[in-house]
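Working notes, beginning with the structure itself.
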Amino acid sequence: MTAAAAPTAAHTAPDGAPDPAARARRRRSALRTAAFMSPWLIGFAVFFAYPLLSTVYFSFTKYDGFRQPVFNGLDNWSYVFTDSPAFWPAMRNTLWLVVVMVGCRVAFGLGIGLLITKIKTGTGIFRTLFYLPYLAPPVAATLAFVFLLNPGTGPVNTVLDAVGLPTPGWFTDPSWSKPALTALALWGVGDLMVIFMAALLDVPKEQYEAAELDGAGSWARFRHITLPNISPIVLFAVVTGVIQAMQYYTQPLVAGKVAAGVIGGSGQQFEPGYPDKSTLTLPQLVYNLGFQRFDYGTACVIALVLFTLSMAFTALLMRRRGGLIGAGE
Amino acid sequence: MSTRSRKAVLHWVGVHSLGVAAALFFVLPFVFLLLTSLMGDRQALTRDLWPDTWEWGNYAAVWNTPGFLTWWRNTLLYAGLGTLLTVVSSVPVAYALAKFRFRARRLSLMLVIAMMMLPPQVVVIPMYLFWAKQLGLTGSLWPLIIPMAFGDAFSIFLLRQFLLTIPDEYLDAARVDGCGELRTLLRVVLPMARPGIAAVALFQFFYAWNDYFGPQIYASDNPAAWTLSYGLESFKGAHHTNWNLTMAATVLVMAPVIVLFFFAQKAFVEGVTLTGVKG
Chain A
3 MTAAAAPTAA HTAPDGAPDP AARARRRRSA LRTAAFMSPW LIGFAVFFAY PLLSTVYFSF
63 TKYDGFRQPV FNGLDNWSYV FTDSPAFWPA MRNTLWLVVV MVGCRVAFGL GIGLLITKIK
123 TGTGIFRTLF YLPYLAPPVA ATLAFVFLLN PGTGPVNTVL DAVGLPTPGW FTDPSWSKPA
183 LTALALWGVG DLMVIFMAAL LDVPKEQYEA AELDGAGSWA RFRHITLPNI SPIVLFAVVT
243 GVIQAMQYYT QPLVAGKVAA GVIGGSGQQF EPGYPDKSTL TLPQLVYNLG FQRFDYGTAC
303 VIALVLFTLS MAFTALLMRR RGGLIGAGE
Chain P
-8 MSTRSRKAVL HWVGVHSLGV AAALFFVLPF VFLLLTSLMG DRQALTRDLW PDTWEWGNYA
52 AVWNTPGFLT WWRNTLLYAG LGTLLTVVSS VPVAYALAKF RFRARRLSLM LVIAMMMLPP
112 QVVVIPMYLF WAKQLGLTGS LWPLIIPMAF GDAFSIFLLR QFLLTIPDEY LDAARVDGCG
172 ELRTLLRVVL PMARPGIAAV ALFQFFYAWN DYFGPQIYAS DNPAAWTLSY GLESFKGAHH
232 TNWNLTMAAT VLVMAPVIVL FFFAQKAFVE GVTLTGVKG
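So the sequence lines, in the order shown, correspond to chains A and P. Position one of the first sequence corresponds to residue 3 (the working numbering), numbered consecutively onward. Position one of the second sequence corresponds to residue -8 (the working numbering), numbered consecutively onward.
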């Protein structure tokens, strides 16, 4: 769609004099724009627009990938919202992740960011150590945490037991599996630390000095100077966190599989969400319905719910006024 | 000692103790991982934290597992070629979005951001059918590599943010000297954009290295096409009572990205900052 829009824009630009030279120049410039944009224009059409429209179409059909799709109206949609045993649990898990995991991650990221700006000795070493876990590949980090939080023999429960604290079942207990995933997410908080650190260092020093002269304590300075100055970044962290939470896939799936002791990599026999659907999320449900049950129609309904939620929060990032990632001119 | 300097010392001690506590939280998982990877088979199943004997042979055993080297090669192909294609195809798009004036610019940028935020699961069913039925390329990593030749939304966005910081005067000067847009891009913009390109290349390399969903969808039925991230999980499945070997494999998958990070720390941290903060 933008392929057509670019040349037309230059061609019909409001313009008094029909000057052929100017016109040729404008056409050249439009062609040049289209040429530079062309890799993405093709990518947009083939890997975004076409599959998105297909997904919408399949969501109104009964389709298993082998026989031709058969139109079945709103059957898939009403199944998902009323009868599906997995959709609402996945939505509830997502809500939990949005509130607790994202909340903890933003608060912890801000705390670590504040801490690193206060550390004066060995700053580089501390910063590297705090940042490293963020780089651990998700599958590897998840495997490591399933081992660390192994209820019987893992180091964490060994230590908890030694100091007389209760030893939860972590990834094997439906009420502890999401907190265990949250611990994993807090371990990889390095990205937020870097973003908050940059924002905190940008707060004008004079404001702190003035507040100190007025006798403001450290909490008052944080509350009345630091927070207002970095609030756009906090909002950015929250919104991108929410988007990531809705797309949460690799960690809960791998944690569930490994904790359940599923053998083999093909995944055909593992129902995501172990234990007891407590780690099920929408993307895992798309995988489960589409690639394990071959119910493409229903999987596409879930995919569209995921799409709508992701785009709604992305729109928050892009609002022209108070937009967060500078999409405005 | 005056109260003022005593307060400063207490503050230093307080802040750095917190720092050490936080560092323990971030580092101890790595430490337990390494220690367990060096235990014997039986000890790894106990609650022991410290190895009785140091089994360095565990790493050789993992390395020599059938398939492990193939996963390495596949991962390097996916990450290396994918990164190259992404940079080559994304730079011109980002340049146009940052420096050309055209009417659909804002709309294009919004669509780039929308694509960037799109979970891969949303379009995976038609995409899978496309690669499987139209092109017959499933069972390989090509369905993941080929799209990277058509611009990656996140890379385009990040590069665009970076290119905005290059003053237009440099481009105007090149144009006055008679450079066309392509030459301006290659001769003037590219050298100045090197940190941005480095950040994008790193992110894309890490993305491919870490990707689990992509290989799971397109390559799961062909172990010869698995990547490290995907193979690692099946490794756990096949050696499910050998936590020591699994942890050694985990270390071997983590190590390259961490080594790469130490070589390119500055570019990486700059890149993270660039994603979030503009103005």
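Glycine is no exception: its CB is placed at the ideal position from the N, C-alpha and C atoms.
1) Taking DSSP as the reference, what is the three-state secondary structure of P:Thr156?
2) Ordered along the chain, which non-local residues of its own chain (more than five positions away) have a Cβ less than 6 Å from that of A:Gly267?
3) What residues are listed by DSSP as bridge partners for A:Lys64?
4) Mark P:Pro57 as exposed unless 16 or more other C-beta atoms lie within 10 angstroms of its C-beta, in which case mark it buried.
5) Using a Cβ-Cβ distance cut-off of 8 Å, determine whether A:Ile232 contacts chain P.
6) Go through its chain and collect everything with a Cβ distance to P:Thr61's Cβ below 7 Å, but skip five positions before and after it.
7) Using a C-beta to C-beta distance shorter than 7 Å, which residues of chain P count as neighbours of A:Leu215?
8) Going along chain A, which residues have a C-beta under 9 Å from P:Phe204?
9) Of all the CB atoms in chain A, is at least one closer than 8 Å to the CB of P:Tyr292?
10) Is there at least one Cβ from chain P nearer than 8 Å to A:Tyr298's Cβ?
11) At the level of alpha carbons, what is the spacing between A:Thr228 and A:Pro153?
12) Is P:Thr37 buried or exposed, if buried means 16 or more other CB atoms sit within 10 Å of its CB?
13) Run through DSSP, which three-state label would A:Pro87 get?
14) Nearest to A:Thr119 by alpha carbon, out of P:Ser225, P:Asn235, P:Val242, P:Trp3?
15) Can you find a C-beta in chain A that's less than 8 Å from the C-beta of P:Gly31?
16) Any idea if P:Leu46 is buried or exposed, counting beta-carbon neighbours within 10 angstroms, 16 or more meaning buried?
17) Quick one: list the residues of chain P neighbouring A:Trp178, beta-carbon separation under 8 Å, in chain order.
18) Which residues, in chain order, does the stretch 184 to 202 of chain A contribute to contact with chain P at a C-beta distance below 7 Å?
19) Can you list, in chain order, the residues of its chain with a C-beta nearer than 8 Å to that of P:Asp143? Leave out the 5 residues immediately preceding and following it.
20) The alpha helix (DSSP H) spanning P:Ile208 covers which residue range?
21) Ignore the nearest five residues each way along the sequence and tell me which others in P:Ala192's own chain have a CB closer than 6 Å to its CB.
22) Go to A:Thr35, then tell me how far its alpha helix (DSSP H) extends in each direction, as first and last residue.
23) Whose Cβ in chain A lies nearer than 7 Å to the Cβ of P:Asn272?
24) Check this for me: beta carbons of A:Val158 and A:Leu151, under 8 Å apart or not?
25) Does DSSP put A:Gln246 in a helix, in a strand, or in coil?
26) Taking C-beta pairs closer than 8 Å, name the residues in chain A that P:Glu172 reaches, listed in chain order.
27) Determine the direct distance from the alpha carbon of P:Tyr69 to that of P:Leu132, and round the result to whole angstroms.
28) Listing by chain order, which chain A residues have their CB less than 9 Å from the CB of P:Arg38?
29) Measure the beta-carbon distance from A:Leu33 to P:Thr237 and round it to whole angstroms, keeping in mind my assumption that it falls under 8 Å.
Let's see:
1) coil
2) Residue placement at A:Gly267 cannot be trusted, given a pLDDT of 47 that sits under 50; what the coordinates show is reported in the next sentence. Excluding residues within five positions, none has a Cβ falling inside 6 Å.
3) A:Lys64 pairs with A:Val72.
4) exposed
5) no
6) Within the same chain, P:Thr61 has close Cβ partners Ala215.
7) In chain P, no part has a C-beta under 7 Å from the C-beta of A:Leu215; the shortest such distance is about 15 Å.
8) Tyr251, Thr252, Leu255, Pro285, Tyr289
9) Outside the displayed span of chain P (-8 to 270) sits residue 292 of chain P, for which this structure offers no information.
10) yes
11) So the two alpha carbons sit approximately 41 Å from each other.
12) exposed
13) coil
14) P:Trp3
15) no
16) According to the sequence displayed, residue 46 of chain P carries Glu and not Leu. P:Glu46 counts as buried, since at least 16 other C-beta atoms from the protein chains shown sit within 10 angstroms of its C-beta.
17) Within 8 Å Cβ-Cβ: nothing; A:Trp178 doesn't reach chain P, min ~18 Å.
18) Trp189, Asp193, Val196, Ile197, Ala200, Ala201
19) Thr77, Ser80, Ser81, Gln195
20) P:Ile208 -> alpha helix (DSSP H) spans 204 to 210.
21) Thr74, Val78
22) 22 to 46
23) Limits of chain P in this structure are -8 at one end and 270 at the other, which puts residue 272 of chain P out of reach.
24) yes
25) It is helical.
26) Per Cβ cutoff of 8 Å: Arg34, Phe38.
27) 7 Å
28) Gly154, Thr155, Gly156, Pro157, Asn159, Thr160, Asp163
29) The pair is not a contact, with the Cβ atoms about 56 Å apart (cut-off 8 Å).
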